[in-house]
Amino acid sequence: MLADHAKAMHRVCFGAEPSEADLELLGSRERWLVYRDLVRYRLVHVIGVALARTKEAIGKESFGRAVDEWLSTGGPRSRYIRHVPSELADFAIPIWQSSEAPWVADLVRHEITAWNVRHAPPAPTPETEFSFDGKPVLSTAVEVLRLAYPVHQTPTPGAGYEPDPTLLCVYRDKSHKASTRKLNPLAADLLEAWKRADETVAESVQRVAKAHDTEIGPAFVEKLSAIIADFLGHSPPP
Amino acid sequence: MSREVTGIGLGLRYDLATELLTRRPATVSWLEVHPENYVNRGGRYQEMLELGRRDWPVVTHGLTTCLGSVEPFDVGYLANLRAFLSDLEVPWHSEHLCLGGVDDRFFHDLLPLPFTEEAARIASQRLTEVRDAIDMPLAVENASYYAAQCDDGLAEADFVVEVLERADAKLLLDVNNIYVNSRNFDFDPKAYIDKIPPERVVQIHVAGHFVRDDGLRIDTHGEPVPDHVYQLLDYTLGKIGPVPVLLERDNNVPPLDELLAEIDELWTIYRNATEVDRAG
Numbered sequence: 022m023l024a025d026h027a028k029a030m031h032r033v034c035f036g037a038e039p040s041e042a043d044l045e046l047l048g049s050r051e052r053w054l055v056y057r058d059l060v061r062y063r064l065v066h067v068i069g070v071a072l073a074r075t076k077e078a079i080g081k082e083s084f085g086r087a088v089d090e091w092l093s094t095g096g097p098r099s100r101y102i103r104h105v106p107s108e109l110a111d112f113a114i115p116i117w118q119s120s121e122a123p124w125v126a127d128l129v130r131h132e133i134t135a136w137n138v139r140h141a142p143p144a145p146t147p148e149t150e151f152s153f154d155g156k157p158v159l160s161t162a163v164e165v166l167r168l169a170y171p172v173h174q175t176p177t178p179g180a181g182y183e184p185d186p187t188l189l190c191v192y193r194d195k196s197h198k199a200s201t202r203k204l205n206p207l208a209a210d211l212l213e214a215w216k217r218a219d220e221t222v223a224e225s226v227q228r229v230a231k232a233h234d235t236e237i238g239p240a241f242v243e244k245l246s247a248i249i250a251d252f253l254g255h256s257p258p259p
Numbered sequence: 069m070s071r072e073v074t075g076i077g078l079g080l081r082y083d084l085a086t087e088l089l090t091r092r093p094a095t096v097s098w099l100e101v102h103p104e105n106y107v108n109r110g111g112r113y114q115e116m117l118e119l120g121r122r123d124w125p126v127v128t129h130g131l132t133t134c135l136g137s138v139e140p141f142d143v144g145y146l147a148n149l150r151a152f153l154s155d156l157e158v159p160w161h162s163e164h165l166c167l168g169g170v171d172d173r174f175f176h177d178l179l180p181l182p183f184t185e186e187a188a189r190i191a192s193q194r195l196t197e198v199r200d201a202i203d204m205p206l207a208v209e210n211a212s213y214y215a216a217q218c219d220d221g222l223a224e225a226d227f228v229v230e231v232l233e234r235a236d237a238k239l240l241l242d243v244n245n246i247y248v249n250s251r252n253f254d255f256d257p258k259a260y261i262d263k264i265p266p267e268r269v270v271q272i273h274v275a276g277h278f279v280r281d282d283g284l285r286i287d288t289h290g291e292p293v294p295d296h297v298y299q300l301l302d303y304t305l306g307k308i309g310p311v312p313v314l315l316e317r318d319n320n321v322p323p324l325d326e327l328l329a330e331i332d333e334l335w336t337i338y339r340n341a342t343e344v345d346r347a348g
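First to last, the sequence lines map onto chains S and L.
Per my numbering, the first sequence runs over residues 22 to 259.
Per my numbering, the second sequence runs over residues 69 to 348.
Okay, here's the thing in structure tokens:
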């Protein structure tokens with residue numbers, strides 16, 4: 022039956038160890054082991070590209086073990102190969118949280134967010150011109166990260182990172198690359214509000230400024246204008 | 069309205085896009101894209117497609133709606149695919165005659181179907197389902213394979229033809245795949261071509277492949293097109309006439325000039341077939 026055949030292929034490609042029974046069912050034992058290598062190589066490659074810094078930080082062996090363990094749960098659920106690194110990250114972060122240095126999970130979050138932002142869907146086209154009385158429409162893919170370690174910076178050789186609560190904005194820039202900016206708490210709250218887009222720009226600005234006990238004076242307006250131009254303007258920021 | 073797809077095309081790939089879209093060589097007549105790389109994706113891929121469409125007609129070639137699937141396809145994805153193809157105004161779309169996943173998991177590779185009556189029945193049903201869902205002509209591509217599916221290598225050609233006839237479908241004939249399979253399973257690739265109904269072929273793929281130390285040929289799309297594949301293309305076009313030919317290069321992508329030299333070689337073969345076709 023084709024269904025049995027397909028399930029055996031699946032187990033051979035993704036199982037921790039391919040069973041002799043499956044290889045016998047499929048025939049051509051050595052060639053099916055070639056398929057196992059080909060299938061796994063492609064997935065391991067894209068994961069390694071997306072999480073290059075993480076792989077370097079924890080070492081090929083530890084990284085490879087997590088990928089093997091993830092594959093043994095059944096392999097990718099998404100038809101889009103660009104989503105494969107995220108699937109691995111969701112699986113591996115809890116593992117690495119307990120087995121690796123405490124900043125590794127944040128490093129994975131930052132890398133995978135940059136990957137996802139770069140490959141995110143197109144930004145929606147605003148139906149109307151920007152208005153403080155309208156709902157915000159972000160001009161590019163944006164994510165706000167609230168991390169315990171400043172993993173966007175170069176690590177201290179041999180030591181990694183010291184704890185330092187860090188707010189980051191990761192966004193797709195004009196050249197379609199993922200860029201990272203450090204945020205203050207107010208800007209982080211504002212960008213998150215604009216991502217939710219469940220209130221007008223004016224409402225979000227007033228609510229967030231009040232929450233941070235910040236007066237909406239000239240200095241605030243100047244900074245607000247800059248962040249509006251960057252993320253609610255006509256094109257992505259540089 | 070679709071722009072006519074004739075002559076020699078090139079796959080629009082990230083690694084060669086900058087040079088291709090800047091130089092816009094006249095010898096490239098059309099582009100092929102994988103929808104999975106563009107559906108619901110912005111950034112550079114969106115830009116590449118927009119720039120490519122300005123000067124070239126586009127044909128689409130799917131990677132994950134593999135027609136041997138034992139499970140029904142995701143109707144949500146097919147709806148997205150239909151919208152994407154409609155927007156691109158492609159003249160046809162193609163998918164592979166293989167297995168791409170099971171139990172809602174994806175191999176992200178093309179695994180072989182056994183050449184059985186059951187597999188032909190399922191593949192033809194799936195082909196019809198996808199064709200109805202996207203509401204446009206759907207061609208099926210013969211795949212390369214590395215694990216023997218039958219004692220007789222030519223049984224694959226019979227299998228492909230059976231699927232085509234059951235679904236009254238078109239064929240994207242991959243000449244490199246036939247050559248790779250013929251070397252891995254010791255059959256005459258021209259005899260395979262002879263079994264294909266010419267009127268069903270709408271497009272051809274050519275590519276290079278990797279030869280391992282043990283002699284096994286792997287369909288990598290990462291090497292130059294070898295002479296034997298050019299020769300098989302010449303034979304194929306002589307049999308079926310000048311259908312559009314795509315140069316596939318997905319890995320180990322060289323400078324564009326190297327690909328353009330291969331495209332020139334393909335044009336020579338294609339023009340020869342065109343002249344023979346007119347004379348005939």
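No residue lacks a Cβ here, since even glycine has one placed at the ideal position from N, Cα and C.
Please read all numbers here as calculations on a predicted model, not as lab measurements.
Spatial distance of residue i from residue j (CA atoms)
i: residue 228 of chain S; j: residue 151 of chain S; result: 19 Å
i: residue 134 of chain L; j: residue 166 of chain L; result: 6 Å
i: residue 122 of chain L; j: residue 151 of chain L; result: 19 Å
i: residue 205 of chain L; j: residue 161 of chain L; result: 6 Å
i: residue 170 of chain S; j: residue 53 of chain S; result: 44 Å
i: residue 183 of chain L; j: residue 253 of chain L; result: 14 Å
i: residue 179 of chain L; j: residue 159 of chain L; result: 27 Å
i: residue 173 of chain L; j: residue 341 of chain L; result: 43 Å
i: residue 72 of chain L; j: residue 125 of chain L; result: 7 Å
i: residue 321 of chain L; j: residue 145 of chain L; result: 30 Å
i: residue 250 of chain L; j: residue 216 of chain L; result: 11 Å
i: residue 155 of chain L; j: residue 148 of chain L; result: 11 Å
i: residue 192 of chain S; j: residue 277 of chain L; result: 38 Å
i: residue 245 of chain L; j: residue 63 of chain S; result: 19 Å
i: residue 310 of chain L; j: residue 75 of chain L; result: 8 Å
i: residue 122 of chain S; j: residue 94 of chain S; result: 25 Å
i: residue 224 of chain L; j: residue 291 of chain L; result: 25 Å
i: residue 61 of chain S; j: residue 70 of chain S; result: 14 Å
i: residue 113 of chain L; j: residue 79 of chain S; result: 31 Å
i: residue 186 of chain L; j: residue 50 of chain S; result: 23 Å
N-terminal and C-terminal residue of the beta strand (DSSP E) that residue i is part of
i: residue 169 of chain L; result: 167 to 170
i: residue 240 of chain S; result: Segment 239 to 252 is the alpha helix (DSSP H) holding residue 240 of chain S; no beta strand (DSSP E) there.
i: residue 162 of chain L; result: 161 to 164
i: residue 116 of chain S; result: First-last for residue 116 of chain S: 105 to 120, but that is the alpha helix (DSSP H), not the beta strand (DSSP E).
i: residue 202 of chain S; result: 199 to 203
From the options, residue whose alpha carbon lies closest to that of residue i
i: residue 131 of chain S; options: S/35, S/42, S/166; result: S/166
i: residue 200 of chain S; options: S/189, S/145, S/207; result: S/189
i: residue 91 of chain S; options: S/226, S/253, S/111; result: S/111
i: residue 330 of chain L; options: L/307, L/341, L/298; result: L/298
i: residue 108 of chain S; options: S/136, S/163, S/157, S/121; result: S/136
i: residue 334 of chain L; options: L/315, L/137, L/344; result: L/315
i: residue 251 of chain S; options: S/32, S/232, S/117, S/162; result: S/162
Neighbouring residues, chain L, relative to residue i (Cβ below 7 Å)
i: residue 216 of chain S; result: The premise fails here: residue 216 of chain S is roughly 15 Å from chain L at the closest Cβ pair, so nothing lies under 7 Å.
i: residue 47 of chain S; result: 215
i: residue 52 of chain S; result: 214, 215
i: residue 158 of chain S; result: Under the 7 Å cutoff, chain L gives no residues; its nearest Cβ is about 14 Å from residue 158 of chain S.
Opening and closing residue of the alpha helix (DSSP H) in which residue i lies
i: residue 83 of chain S; result: 81 to 92
i: residue 342 of chain L; result: 324 to 347
i: residue 114 of chain L; result: 111 to 123
i: residue 131 of chain S; result: 125 to 139
i: residue 155 of chain L; result: 143 to 156
i: residue 243 of chain L; result: 243 to 253
i: residue 56 of chain S; result: 50 to 71
Partner residues on chain L for residue i, Cβ-Cβ distance less than 8 Å
i: residue 66 of chain S; result: Ordered by position in chain L, no residue passes the 8 Å Cβ test against residue 66 of chain S, which lies about 10 Å from the chain.
i: residue 109 of chain S; result: Under the 8 Å cutoff, chain L gives no residues; its nearest Cβ is about 13 Å from residue 109 of chain S.
i: residue 57 of chain S; result: Those within 8 Å of residue 57 of chain S in chain L number zero; the least Cβ separation is about 10 Å.
i: residue 23 of chain S; result: 136, 138, 181, 182, 184, 186, 187, 190
i: residue 63 of chain S; result: 176, 177
Within chain S, partners of residue i - CB distance below 9 Å
i: residue 110 of chain L; result: 140, 141, 142, 143, 144, 161, 162, 193, 197
i: residue 140 of chain L; result: None at all; the shortest Cβ gap to chain S is about 13 Å.
i: residue 277 of chain L; result: The contacting residues do not exist; residue 277 of chain L stays about 13 Å from chain S at best.
Beta-carbon neighbours of residue i, restricted to chain S and to distances below 7 Å
i: residue 179 of chain L; result: 30, 56
i: residue 333 of chain L; result: Going along chain S, no residue has its Cβ under 7 Å from residue 333 of chain L, so there is no contact; the nearest lies around 28 Å.
Contact set between residue i and chain S, taken where Cβ atoms lie within less than 8 Å
i: residue 171 of chain L; result: 28, 31, 95
i: residue 222 of chain L; result: Those do not exist, as residue 222 of chain L stays about 18 Å from chain S at its closest Cβ, beyond 8 Å.
i: residue 104 of chain L; result: 100, 101, 102
i: residue 145 of chain L; result: 100
i: residue 114 of chain L; result: 143
Residue i: contacting residues in chain L (beta-carbon distance under 9 Å)
i: residue 60 of chain S; result: 175, 176, 177, 179
**Runs of beta strand (DSSP E) wholly within the stretch 180 to 232 of chain L (minimum 3 residues, chain order)** = 206 to 209
**Request:** Please go through the stretch 287 to 322 of chain L and give each complete beta strand (DSSP E) segment of 3 or more residues, from N-terminal end onward.
**Result:** 313 to 315
**Message:** Threshold first: 4 residues or longer. Then list the alpha helix (DSSP H) segments lying entirely within the stretch 150 to 184 of chain S, N to C.
**Reply:** none
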